[in-house]
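Here the structure comes first, spelled out in structure tokens, and everything after it is commentary.
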Amino acid sequence: MAVIQRRVGPLFALFFALLLVAGLRALYLGGPHSAVLRRAARTQQLTTEVVPAERGTIADRNGVALAISEPAQDLSADPYLIKHPLATSQSLAPLLGLTQAQVLTRLSRHTGFVYLAHALPYDAAHRVLALKIPGVQGSPMMRRVYPRGTLAAQVLGIVGTEGSGLSGLEYSHNSLLAGHAGRRSVVSDAIGQPISIAETHHEQAGASLTLTLDANIQQRTEDVLSAVGRVFQPKDSTAIVMDPRTGAILAMANWPPVDANHPPASATQALQNRAVNFDYEPGSTFKAFTVSGALQEGLITPDTGFEIPDKIQVADRTIHDDTEHPGESLTTSQILAQSSNVGAIKIGLLEGKQRFNSWVHRFGFGSATGVDLPGDERGATLALSHYSGSSMGNLPIGQGELVTPIQMATAYSAIANGGILRPPHIIGQVGGRRIAEPAGRRVISTATAAELRTMLKGVLAPGGTASEVSIHGYELAGKTGTASKIDPATGEYSKSAYVASFVGFAPASDPKLLSAVIIDEPQTGSIYGGVVAAPAFGQIMEFALPYLGIPPG
Amino acid sequence: MTPAATATARTAPGSRRRAPVRHPRRISGPVSSAQAVAAAVAIPAPAVAPPRKRPAVQPRRRSTRAPVRTRSRAASPGIALRAVDAFDGLSAGAVFDRLIRGRAWIGLLAFALIGMVAMQLLVLKLNTGIGHTLGRVAQLQRANAQLGIENSTASAESRIAPSVTTAGMALAPVGTVHFVAANRSDAARAASVLAAPIQAAAVSRSTESTQSAQASGVSEAGASGANASEPSVSESRGTETGESSTSPASSSPSTATTGEAKGESSSPSPPESPSSGSSATQGSPATSETGGSAASSSSGG
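Here the protein sequences come in this chain order: L and U. Position 481 of the first sequence, counted from 1, bears residue number 481 in the working numbering, the numbering being contiguous throughout. Here the working numbering runs 553 ahead of the position in the second sequence, where the first position is 1.
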């Protein structure tokens, strides 16, 4: 027993000594040496990763992705840590899609940080990082991709390098789409495998948007505008296709096109969505509202006859019809069908400036339509107090007021749907939840709307200004417009710059589809709405009506 | 014969160092009342005063709860004291006492240590798994985005048009796709075509329905005539919505035919619908989904 006790004593002493050494070592590591070790651990083992939030997808009404985010990386380098810039640039250049000179220039800068590539697709970035070049690092981010390229580019907008929307829906719904980036601390072992992951901030993906747009109708509309662009070489053009019953926008096209994946390649002006922010004088397309007000007031009927001379004097102004003609007798319907300036002015004068002004505002002109797109212009209407003696000589024929294409489409929708002015909308669902259709307000009676639709059929009937446009099986209705633009140099109406437009719907008796086509400054060929814009309307509707399964009528 | 009595007898006064009193192995915790009584009986009264006056059985010092002065201040110490009490109670427990006196605690301690190490390893493994899963999530996210892009690109007409041309097909030019006109004879023709695969017994009914359809000037989906006992499905060609209506009815196909002209449910709708038959003949479109569309499609006048 004593022997055992004698052996246990030294053994205990040994272990105690070892424990003491270990304790002292622990004290040293935890005390004086702790700062160094903590620093080393931070750099070698502990990393704080930013988890980029996936930006919400934008899809059309059928679920076709129009804008989608994919993981990518921003690649950067610390030139001070690059020991062999020449060799490094040689190996990096082909992977980055840059020339060796470009990479070498960046790596030769006297700074601690240079960008090598922005939003490089993940696979490409992974190949670069796999080279394990000291000083080259990547930071994860989300890259915005527009799979259809130019399709609805002005409507969708673009996203900046920081991931924020800069225009279009990307801008106006940025807070919904962007989500919130997360952050997590990762402790890795010696071979880089994570052994501890702690989320300090949970990332939240952005909400997806489902639009009312139909990619196929949008594509067709853009194709038609491109064809118009080739033939008439306008300054720009825009077209809207919408369901007049709900205000849902099915297509909103702009020309010239913009590649949303490479926006810098396009002019800044081309990025604008002219459908909502192009102010123009509507010209004859406005006559429908002049007639509408008078019809609703009971001042006229579709068959009311007017003596129409070649010109009319209003205060100090003389307004001519488009073509010289002897005095003739036209009904209200014929005035609309033949787009008589004199006839429309006579109806406007019959209505009086107060009632006319009231009807202009009742149809929504002079105020934003409320469409869920950025840049929804109000247009410009003359205040009643500013009416001059000759105002009623040009306002009833669509001069002296500025409207936007979306305003015209919305106002015509009220005629098409039986008299309800409904704010247009382009967003159908947010995050899978259906958005309630905006409520409308009645502006004209159902009977007045029906009378107008019947009268507008005459525009596309023989003798009308767009008589050459027809679609097999469908009755069309609409109104042409050819408006002179103000010459900024002279302040007078230009003799060479016009806006050709057409707004129409089908089937005329029970409209289910409406389209507005506005061509700004056609340069070659014709300048008339009936020749430039109305055929484009016909081509768009010819595709869209059967495509949507809208029966003839 | 308790060790305590022996130890007491060997103790010489004034020689505490050389002849230390060998107390029995000190066991923490309260001595049971029987042991205490036995010890008290066994130990005689010392002749001289022991170097340290120590009772054989030291009364366990029980922590007494401090008088509560205020409720707010008493809450925290109370809990602490209760915890200490509980610990004391545990250490004083006979079970614990027996446990640490034997060798089982070695095994218990070894098990606990191994368990701790194993748990640490499991946590590490779990974290590694999380890391792998996150990597997999990112990979799937990339794949998903890539597939979404491919899907969108693949469905573009600009891609389809060359593909169909390569396959020897051609996209129908816009304007050539339209609703066709309907004739009165189309219904009979469709019915005759549909009659071929139908059983002989049903053919007669189909013929009846065809005649009925001809009489009312509307077309008929031949399938409904196949079996009168089955629900008859009428295609709403006469409507603009193109909705199909199912009649639970067992009534004759002619009932369905009457109703379909208006494009509404055949059974509930009155057969004397004013628009009955007129809409189809006026050129309502072929929005039906079945083969009957060929017979009933129209141009709209």
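Ideal placement from N, C-alpha and C gives every residue a C-beta, glycine not left out. Predicted model, so just to flag it, every value in this text is computed and none were measured.
In chain L, which residues lie with their C-beta within 8 Å of the C-beta of Gln673 (chain U)?
-> Reading the second sequence from its first residue, position 120 is the one you call residue 673 (chain U). Residues of chain L passing the Cβ test: none, with the nearest at roughly 10 Å.
Output yes if chain U places a C-beta closer than 8 Å to the C-beta of Gln539 (chain L); else output no.
-> Translated into the one-based positions of the first sequence, residue 539 (chain L) becomes position 539. It does: the Cβ of Gln539 (chain L) has a partner Cβ on chain U nearer than 8 Å.
From which residue to which residue does the beta strand (DSSP E) around Phe306 (chain L) run?
-> As a working note, residue 306 (chain L) is residue 306 in the first sequence. Counting along the chain, the beta strand (DSSP E) containing Phe306 (chain L) begins and ends at Gly305 to Ile308.
Would Glu475 (chain L) be called buried (16 or more neighbouring beta carbons within 10 Å of its own) or exposed?
-> Counted from its first residue, the first sequence places residue 475 (chain L) at position 475. By the neighbour-count rule (16 or more Cβ atoms within 10 Å), Glu475 (chain L) is buried.
Range of the contiguous beta strand (DSSP E) that encloses Leu219 (chain L) | Residue mapping note: residue 219 (chain L) aligns to position 219 of the first sequence, counting from 1. Just to set this straight, residue 219 (chain L) is Gln in the shown sequence, not Leu. Careful: Gln219 (chain L) lies outside any beta strand (DSSP E), inside the alpha helix (DSSP H) at Ala215 to Phe232.
Under the DSSP definition of a beta bridge, which residues are partnered with Pro71 (chain L)?
-> As a position in the first sequence, residue 71 (chain L) is number 71, starting the count at 1. Per DSSP, L:Met142.
Please look up how many angstroms separate the CB atoms of Ile58 (chain L) and Ala544 (chain L), rounded, as I've assumed it's under 8 Å.
-> Counting from 1 along the first sequence, the entry for residue 58 (chain L) is found at position 58. Counting from 1 along the first sequence, the entry for residue 544 (chain L) is found at position 544. Not really, about 21 Å apart at Cβ, beyond 8 Å.
Compare the C-beta of Val64 (chain L) with all C-beta atoms of chain U and state if any pair is closer than 8 Å.
-> Translated into positions along the first sequence, residue 64 (chain L) becomes position 64. Closer than 8 Å: yes.
Assuming Ala205 (chain L) and Ala53 (chain L) form a contact by the criterion Cβ under 8 Å, report the distance between their Cβ atoms to the nearest whole angstrom.
-> To locate residue 205 (chain L), count along the first sequence from 1; it is residue 205. To locate residue 53 (chain L), count along the first sequence from 1; it is residue 53. Sure, about 6 Å apart at Cβ, within 8 Å.
Between Thr562 (chain L) and the rest of its own chain, which residues show a CB-CB distance below 7 Å, the 5 nearest in sequence each way excluded?
-> With chain L covering 1 to 553 only, the question about residue 562 (chain L) has no answer from this structure.
Thinking just about the alpha-carbon of each residue, which of L:Ile158, L:Thr150 and L:Arg378 is nearest to the one in Leu225 (chain L)?
-> In the first sequence, the residue the question calls residue 225 (chain L) occupies position 225. In this structure, L:Thr150 is the residue among L:Ile158, L:Thr150 and L:Arg378 with its C-alpha nearest to the C-alpha of Leu225 (chain L).
Beta-carbon of Ala324 (chain L) versus every beta-carbon of chain U: anything under 8 Å?
-> In the first sequence, the residue the question calls residue 324 (chain L) occupies position 324. One point to set straight first is that residue 324 (chain L) is Glu, not Ala, in the sequence displayed. By this cut-off, Glu324 (chain L) is not an interface position.
Straight-line Cα distance separating Gly553 (chain L) from Glu70 (chain L) | By 1-based counting over the first sequence, the position of residue 70 (chain L) is 70. By 1-based counting over the first sequence, the position of residue 553 (chain L) is 553. The C-alpha of Glu70 (chain L) lies about 46 Å from the C-alpha of Gly553 (chain L).
Please state whether DSSP places Pro374 (chain L) in a helix, a strand or coil.
-> Looking up residue 374 (chain L) in the first sequence gives position 374. Assigned with DSSP and collapsed to three states, Pro374 (chain L) falls in coil, not helix or strand.
Quick one: which unbroken alpha helix (DSSP H) runs of 4-plus residues sit fully inside the stretch 112-197 of chain L? Chain order, please.
-> Look at the stretch 112-197 of chain L and you find these whole runs of alpha helix (DSSP H), each 4 residues long or longer: 122-129, 153-156, 168-172 and 174-178.
Using DSSP bridges, identify the partner residues of Trp359 (chain L).
-> Taking the first residue of the first sequence as position 1, residue 359 (chain L) is located at position 359. None; Trp359 (chain L) has no bridge partner.
Find the residues of chain L that neighbour Thr706 (chain U), judging by a C-beta separation of less than 7 Å, and give them in chain order.
-> Translated into the one-based positions of the second sequence, residue 706 (chain U) becomes position 153. Proximity of chain L to Thr706 (chain U) at the Cβ level (cut-off 7 Å) is accounted for by Pro147, in chain order.
Chain B contact residues for Gln137 (chain L), given Cβ-Cβ distances below 7 Å = Judged by its chain identifiers, the structure shown contains no chain B, and its protein chains are L and U.
Using 10 angstroms around the beta-carbon of Pro462 (chain L), count the other beta-carbons present and answer buried if the total reaches 16, otherwise exposed.
-> Sequence index remark: in the first sequence, residue 462 (chain L) carries index 462 (1-based). Answer is exposed; the Cβ neighbour count stays below 16.
Mind listing the chain U neighbours of Ser69 (chain L)? Cutoff is C-beta to C-beta under 7 Å, in chain order.
-> The residue you call residue 69 (chain L) lines up with position 69 of the first sequence. The contact set of Ser69 (chain L) on chain U, defined by CB atoms closer than 7 Å, consists of Ala698 in chain order.
Three-state secondary structure (DSSP) at Glu788 (chain U)?
-> As a position in the second sequence, residue 788 (chain U) is number 235, starting the count at 1. Unreliable placement is indicated for Glu788 (chain U), whose pLDDT of 34 sits below 50; the coordinate value is still reported in the next sentence. Strand, per DSSP.
Give the secondary structure of Val670 (chain U) by DSSP, where H, G and I count as helix, E and B as strand, and everything else as coil.
-> Position 117 of the second sequence, counting from 1, holds the residue named residue 670 (chain U). Helix at Val670 (chain U).
The stretch 324-332 of chain L contacting the stretch 294-308 of chain L, beta-carbon criterion three pairs below 8 Å = As far as the Cβ criterion goes, the stretch 324-332 of chain L touches the stretch 294-308 of chain L, which means the pair count is three or higher.
So which of L:Arg441, L:Pro507 and L:Val241 has the shortest CA-CA distance to Ser470 (chain L)?
-> What you label residue 470 (chain L) is simply residue 470 of the first sequence in a count that begins at 1. Ranking L:Arg441, L:Pro507 and L:Val241 by Cα distance to Ser470 (chain L) puts L:Pro507 first.
Look at the alpha carbon of Gln539 (chain L) and the alpha carbon of Leu693 (chain U), and state the distance between them as a whole number of angstroms.
-> What you label residue 539 (chain L) is simply residue 539 of the first sequence in a count that begins at 1. What you label residue 693 (chain U) is simply residue 140 of the second sequence in a count that begins at 1. C-alpha of Gln539 (chain L) to C-alpha of Leu693 (chain U): approximately 42 Å in a straight line.
Starting from the Cα of Ala411 (chain L), find the closest Cα among L:Gly352, L:Phe365 and L:Phe113 and give me that residue.
-> For the purposes of this step, residue 411 (chain L) is taken as residue 411 along the first sequence, with counting starting at 1. Cα-wise, what sits closest to Ala411 (chain L) is L:Phe365.
Would you kindly work out how many angstroms separate the C-alpha atoms of Ile519 (chain L) and Thr404 (chain L), rounded to a whole number?
-> Residue numbering aside, residue 519 (chain L) sits at position 519 when the first sequence is read from its first letter. Residue numbering aside, residue 404 (chain L) sits at position 404 when the first sequence is read from its first letter. Rounded to whole angstroms, Ile519 (chain L) to Thr404 (chain L) spans 12 Å at the Cα level.
For chain U, is any of its Cβ atoms less than 8 Å away from the one on His472 (chain L)?
-> In the first sequence, counting from the first residue as 1, residue 472 (chain L) sits at position 472. With respect to chain U, the C-beta atom of His472 (chain L) has a partner C-beta closer than 8 Å.
Name, going along the chain, the residues of the stretch 677-693 of chain U whose beta-carbon falls closer than 8 Å to a beta-carbon of chain L.
-> Residues Leu677, Asn680, Thr681, Ile683, Gly684, Leu687 and Ala691.
What are the boundary residues of the beta strand (DSSP E) that His483 (chain L) is part of?
-> Here the question's residue 483 (chain L) lines up with position 483 in the first sequence. The question names His, yet the displayed sequence has Ala at residue 483 (chain L). Per DSSP, Ala483 (chain L) belongs to the beta strand (DSSP E) from Ala477 to Ile486.
Shorter than 8 Å from the beta carbon of Val670 (chain U) to some beta carbon of chain L?
-> In the second sequence, the residue the question calls residue 670 (chain U) occupies position 117. It does not; no Cβ of chain L falls within 8 Å.
Val499 (chain L), DSSP secondary structure in three states | Counted from its first residue, the first sequence places residue 499 (chain L) at position 499. Correct three-state label for Val499 (chain L): strand.
Roughly how many whole angstroms lie between the Cα atoms of Val128 (chain L) and Leu92 (chain L)?
-> To locate residue 128 (chain L), count along the first sequence from 1; it is residue 128. To locate residue 92 (chain L), count along the first sequence from 1; it is residue 92. Going from the Cα of Val128 (chain L) to the Cα of Leu92 (chain L) covers about 7 Å.
Return the residue from the list L:Ala534, L:Gln523 and L:Lys485 that minimises the CA-CA distance to Ile231 (chain L).
-> The count along the first sequence starts at 1 and reaches residue 231 (chain L) at position 231. Note on identity: in this sequence residue 231 (chain L) is Val, with Ile being the wrong assignment. Closest in alpha carbon position to Val231 (chain L), among L:Ala534, L:Gln523 and L:Lys485, is L:Gln523.
Under 8 Å between C-beta atoms, does Thr57 (chain L) make it to chain U?
-> Position 57 of the first sequence, counted from the first residue, corresponds to residue 57 (chain L). Interface residue, yes.
Near Glu586 (chain L), what residues of its chain come up, given a Cβ to Cβ distance below 7 Å and the 5 sequence neighbours on each side ignored?
-> Shown here, chain L extends from 1 to 553; a query on residue 586 (chain L) therefore has no answer.
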